[in-house]
Amino acid sequence: MPRRVDDWLRQADKDLKHARNALRDGDYEWSCFAAQQAAEKALKALYHSLGGESLGHSTLKMLNDLPLDIKPHKELLKKAANLDKLYIPSRYPNGFDWGAPMDYFGRDDAEKAISDAEDIISYAKSHIFK
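So this is what it looks like as structure tokens:
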């Protein structure tokens, strides 16, 4: 399997930039989704650096499945769980009984998602072996 660490990291950084831009533009639901994607891709980079691969989209599962010597603290796991909650409802109207994602997500949600993603990306980068 080819090592794609840099590709995953570059895309994670670009997705985080998109999350910030969407926040600035008031597209809070897209900001939330992009933040989740940024964290997910940074963790996929970490898995590639360890010689493995992680399937799926759950950042919480990815963090929980890491080797014991680099297991994150519980606070980071909470941040991952918060981001995972954004994966579907930030994009699809059928994630709610009524309305569209844009009716449910606000500035505070986007700011929290970006902050959580930044922490997960920082963690992933600090454990990547190139």
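Take the sequence shown: its position 13, counting from 1, is numbered -6 in the working numbering, and each next residue is one higher.
All C-beta atoms in this analysis are idealised placements derived from N, C-alpha and C, irrespective of residue type, glycine included.
Asked: How many Å lie between Asp46 and Lys25 at the Cα?; Found: 12 Å
Asked: Excluding five sequence neighbours on each side, which residues of the same chain lie with their C-beta closer than 7 Å to the C-beta of His135?; Found: Past the edges of the chain, shown from -18 to 111, lies residue 135, and the structure says nothing about it.
Asked: Give me the Cα-Cα distance between Arg(-16) and Lys59, rounded to the nearest whole angstrom.; Found: 29 Å
Asked: Which of helix, strand or coil does DSSP assign to Trp11?; Found: helix
Asked: What number of angstroms, rounded off, separates the C-alpha of Asp6 from the C-alpha of Phe77?; Found: 23 Å
Asked: Evaluate Asn63 with the Cβ neighbour count: other Cβ atoms within 10 Å of its Cβ, from every protein chain shown; 16 or more gives buried, anything less gives exposed.; Found: buried
Asked: Under a Cβ-count criterion, where at least 16 other Cβ atoms within 10 Å of its own Cβ denotes burial, should Asp84 be classed as buried or exposed?; Found: exposed
Asked: Just list the alpha helix (DSSP H) runs in the segment 8 to 86, keeping only unbroken ones of 4 residues or longer that don't cross its boundaries, in chain order.; Found: 9 to 30, 40 to 45, 55 to 65
Asked: Using beta-carbon positions only, say whether Cys13 and Phe86 come within less than 8 Å of one another.; Found: yes
Asked: What's the call for Leu36, buried or exposed, on a 16-neighbour Cβ count within 10 Å?; Found: exposed
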